[in-house]
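Residue numbers (our numbering): 35 to 384. Positions of the beta carbon are idealized from the N, C-alpha and C atoms, including for glycine. Since we're looking at a predicted model, the values are computed, not measured.
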Ligand SMILES: NC(=O)c1ccc[n+]([C@@H]2O[C@H](COP(=O)([O-])OP(=O)(O)OC[C@H]3O[C@@H](n4cnc5c(N)ncnc54)[C@H](O)[C@@H]3O)[C@@H](O)[C@H]2O)c1
């Protein structure tokens, strides 16, 4: 697998997206967002997705340069119509506005609909965290194809419906949770299939509802399982609540829209820590809490305890130096696009 430095990968991704019609701002947001997912170790949400986004532009599912419109608002709430723009761009703008509102009102929330994939969800709560606020985001896939079977079922009727919460602290690694409510993100199954690897039992069932370790069964009528294994009803419940916040509260509805257009409904909320207690005290105590968790004696065979967000930070530090391993199938697709757009010189600079 080629090992590519993050800045080169970002330049390639942005050039391809620009060539496909994205504005400068959109291309940078999407490429940087994908590479930040690669750096964090979530390759399923990294540059592997860029060819898919370009396909979606070609079929009109993503509209470059789309209007970003507030359709309803109050001092603390906003409803945003992304007009099928890039989720990375639309959602970041929505979070920025929500942060600005929380600077005045201490709490603020928004819903966003008609936007494409938002990628690694943590990107948005982390924006609030950097402003001394607690950020929460949930996302579903609106009424686009579902991937997750509700607990006890064998047909996909829920999205992978991720939840992310980021909290300011004095820790070196940001303290944040970023997780799909399914056993894993759907992209991890596709990544395993692209890499020709098997997956652990408990991630998917095949079309007959049987457990399988073959990731290709997912595309053949299989379904992801909800988070929680034998207690998957809890993951299923979380996913249902995310669907209510992101599908029903946004007005997107539930179930599958026949067009198959990807539509990441989002609900996001921001809380200004200083409205509850002094920010510096809170940040200090979150750091103490993180270290307290880390100091837990390890269980047998365990590498020790990590606080939420730490694993991603450690991977990021390592990959910033070593570069990012891009699976050959993805690298070949990026190269073919570069050839098509006559960007070979940018792809392989002398
Ligand atoms: N936009 C979308 O539609 C969408 C849908 C689903 C998932 N996603 C994204 O996919 C990515 C992957 O999600 P996932 O659920 O497969 O990730 P995951 O299973 O790796 O879980 C990630 C979370 O678990 C924590 N974690 C991981 N290992 C840990 C350990 N050993 N100890 C303590 N904490 C640990 C991480 O810090 C993080 O908060 C996320 O970025 C998510 O936002 C996006």
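Taking the Cβ atoms as the reference, residue 81 lies roughly 7 Å from residue 368, within the contact range of under 8 Å. Taking 7 Å as the cut-off, one finds no heavy atom of ligand 1 near enough to the beta carbon of residue 226.
Counting only runs of at least 3 residues, the region 226-299 fully encloses no beta strand (DSSP E) element at all.
Per the C-alpha coordinates, the member of 148, 128, 149 and 155 positioned closest to residue 142 is 128. Residue 247 is positioned such that its CB atom lies closer than 8 Å to that of residue 234. Between the alpha carbons of residue 192 and residue 183 lies a gap of roughly 6 Å. For residue 106, the enclosing beta strand (DSSP E) has its first and last residue at 103-107. In this chain, residue 41 is not harboured by any beta strand (DSSP E); it is covered by the alpha helix (DSSP H) spanning 40-53. Burial check for residue 147: the Cβ neighbour count within 10 Å reaches 16 or more, so the residue is buried. Separation of the CB atoms of residue 53 and residue 313 is rounded to 44 Å, and the pair is thereby denied contact status at 8 Å. Going by beta carbons, residue 159 and residue 173 fall outside the 8 Å limit. From the listed residues 323, 335, 343 and 297, the smallest Cα separation to residue 94 is found for 297.
Taking non-hydrogen atoms of ligand 1 into account, the C-beta of residue 342 is found less than 7 Å away from one of them. Ranked by Cα distance from residue 364, the options 72, 355, 176 and 59 are led by 72. Three or more Cβ pairs closer than 8 Å define a contact, and the region 300-315 meets that threshold against the region 131-145. Taking a contact as a CB-CB distance under 8 Å, the pair residue 222 and residue 78 counts as one, their CB atoms being some 5 Å apart.
For the pair of segments examined, the region 283-294 was found not to touch the region 214-230: the number of CB pairs separated by less than 8 Å stays below three.
Per DSSP, the beta-bridge partners of residue 115 are 103 and 147. Residue 170 carries a strand assignment under DSSP once its states are collapsed to helix, strand and coil. By the C-beta density criterion, residue 218 is buried, having at least 16 other C-beta atoms within 10 angstroms.
In this structure, the straight-line span from the alpha carbon of residue 106 to that of residue 132 is close to 13 Å.
At least one heavy atom of ligand 1 lies closer than 7 Å to the C-beta of residue 222.
Bridge pairing for residue 210: 200 [DSSP]. Bounds of the alpha helix (DSSP H) holding residue 129 are 121-139. Taking 8 Å as the cut-off, the beta carbon of residue 40 is found closer than this to the beta carbon of residue 358. Setting aside the 5 residues that flank it on each side, residue 252 is surrounded in the same chain by 223 and 238, each with a C-beta closer than 6 Å to its C-beta; the list follows chain order. Distance from the Cα of residue 170 is smallest, within the candidate group 114, 204 and 209, for 209.
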